[in-house]
Each structure stands twice: as structure tokens, then as C-alpha cells.
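Note sheet for the following structure.
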Amino acid sequence: MSEQPHVGLSLVNKAPMGMLLTALVAVIANVLLELNIITLGYAVTGGVVSAALLLAYWLGKGGLFFILGVSLPLVLVLFTPLASITALLNLVSGFFFGFCAALFIYKLVSAKF
25 MSEQPHVGLS LVNKAPMGML LTALVAVIAN VLLELNIITL GYAVTGGVVS
75 AALLLAYWLG KGGLFFILGV SLPLVLVLFT PLASITALLN LVSGFFFGFC
125 AALFIYKLVS AKF
């Protein structure tokens with residue numbers, strides 16, 4: 025089992041496609057509906073932090089990183105002002121865009137070393 029790559033790290037190879045899909049959803053939603061830049065900023069930041077925490081867990085730094093990384097989306101939903109369904113759509117698409125962006129950056133950095 026320890027010789028097999030971790031399941032979570034297999035998401036790193038799918039990150040560019042995830043960025044493309046979530047950016048497409050965000051652009052379509054923001055063209056057709058309203059753009060909430062504050063919610064989008066919180067979401068992208070939360071996605072990056074969540075990915076960093078889960079990468080730390082996947083790289084063997086400890087289970088606390090898993091708990092924090094998985095709990096972060098709930099914290100975002102609780103503390104981000106969600107006045108409309110559009111804000112929720114911005115939150116979800118922005119979170120996954122930030123998550124995929126962080127994984128893609130990890131892929132680029134780890135490929136150099």
C-alpha cells in the first residue's frame with residue numbers, strides 16, 4: 025500500500041481540466057447573473073488554503089491537516105455573505121477554481137524538482 029501513489033495526489037493531474045471547467049462555470053454565471061467579487065475572493069482564497077492543507081495531509085504531515093482542509097468549505101459557507109443564489113454559485117465555482125489552481129501550481133513546482 026505504501027508503494028502506491030496516494031489517491032489524493034492523483035487529483036493533481038486532473039487540476040488543469042478542473043480549472044478550465046470551474047472558470048467556464050464562473051464566467052457563464054457572471055455574464056448571465058451578477059458578479060460578487062467579495063464572495064469570489066473569499067472562495068478562491070479558501071480553495072487555495074484548503075488545497076494546501078490537504079496537500080500537507082497527502083504528503084504525510086498529519087491528520088489534523090485533513091480535518092482542517094475538509095472543514096474549510098463549511099467555514100466559508102458559514103462566514104461568507106450569501107445574499108443570493110448567485111453568490112452561492114460564485115462561492116462554489118471560486119472555491120473549486122482556487123483548489124484546482126493550487127494543485128496545478130503544486131504540479132508545476134514538483135515537476136521542476
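Mapping of the sequence shown onto this note's numbering: position 100 corresponds to residue 124, and the numbering continues sequentially without gaps. In this text, a Cβ means the ideal position worked out from N, Cα and C, and glycines have one as well.
Determine the extent of the alpha helix (DSSP H) in which residue i is found, giving its start and end residues.
i	result
P105	No alpha helix (DSSP H) contains P105, which DSSP labels as neither H nor E.
G71	61 to 82
Can the beta-carbon of residue i be found less than 8 Å from the beta-carbon of residue j?
i	j	result
Y66	T104	yes
G93	L112	no
A125	M43	yes
Would you grab the beta carbon distance between residue i and residue j for me? Rounded to a whole angstrom, and I think it's under 8 Å.
i	j	result
A39	L127	4 Å
T69	L115	T69 to L115, Cβ: 11 Å. No contact.
Does residue i come out as helix, strand or coil in the three-state DSSP assignment?
i	result
L57	coil
G87	helix
Y130	helix
(Q) Across the segment 64 to 74 and the segment 102 to 122, are there enough close Cβ pairs to call them in contact, namely three or more that are closer than 8 Å? (A) Yes, since at least three Cβ pairs between the segment 64 to 74 and the segment 102 to 122 fall closer than 8 Å, the two stretches touch.
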